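A short worksheet on the structure shown next.
Residue numbers (full-length UniProt numbering): 1 to 177.
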């Protein structure tokens, strides 16, 4: 009977698969529209024409030893200026420069004053740390203040008596047949 059921199941026609896109109910939304952003006011227009400026600054700080400065002026393509700095050896380095259109950067470097170097003083040599300056306690052999007792000798440990007899407890009598 089981074979008849299996034969009937295998003999039945198989349905063809149906492939189609899934159906969904999607609400239709309108396409968003973007408007041009409003114009931005309040920004200045880019400068047109040749640049013109002048600036100067100087820093002198006696606590840190800083002493430097810079000045520059520009009119169109003509730029000229100078800057200076106090060097560690005591001299002042001054750079005067100018730029005229196609001539490029032309600089003249001058030094004012004489270099002052301090006398050579070697740094202290490394030496290992000294040993601690304390006196250790005196070493001595103390005499015992007690008399040691003789060491304990334990008594022999208990051994139980045998629980069996090594030979039979009865005397068998001979049997005759």
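C-beta atoms are modelled at their ideal positions from N, C-alpha and C, and glycine is treated no differently. Quick caveat, the model's predicted, so the values are computed rather than measured.
Check: Which two residues bound the contiguous beta strand (DSSP E) that contains residue 86?
Finding: Unbroken beta strand (DSSP E) run through residue 86: 78-86.
Notebook entry, point to check: Between which two residues does the alpha helix (DSSP H) containing residue 7 stretch?
Noted result: 2-11
Item checked: Limits of the beta strand (DSSP E) - the one that residue 69 falls within -> Looking at the DSSP string, the run of the beta strand (DSSP E) that includes residue 69 is 66-75.
Next item on the list: Please look up how many angstroms separate the CB atoms of residue 87 and residue 68, rounded, as I've assumed it's under 8 Å.
Entry: Going by Cβ atoms, the distance from residue 87 to residue 68 rounds to 10 Å, so no, they are not a contact pair.
Checklist line | Opening and closing residue of the beta strand (DSSP E) in which residue 195 lies | finding: Beyond the ends of the chain as shown, which are 1 and 177, falls residue 195; an answer cannot be given.
Check: Does the region 74-86 come close enough to the region 43-59 to have 3 or more Cβ pairs within less than 8 Å?
Finding: yes
Next item on the list: Leaving out five residues on either side along the sequence, give the residues of the same chain with a beta carbon under 8 Å from the beta carbon of residue 65.
Entry: 86
Notebook entry, point to check: Who does residue 56 pair with in a DSSP beta bridge?
Noted result: 71
Item checked: the region 117-124 in contact with the region 97-105 per 3-pair CB rule at 8 Å -> Contact fails: fewer than three Cβ-Cβ distances are below 8 Å.
Check: Smallest Cα separation from residue 107: which of 115, 114, 94?
Finding: 94
Margin query: Let me check one thing: in DSSP terms, what residues is residue 110 bridge-paired to?
Written below: 94
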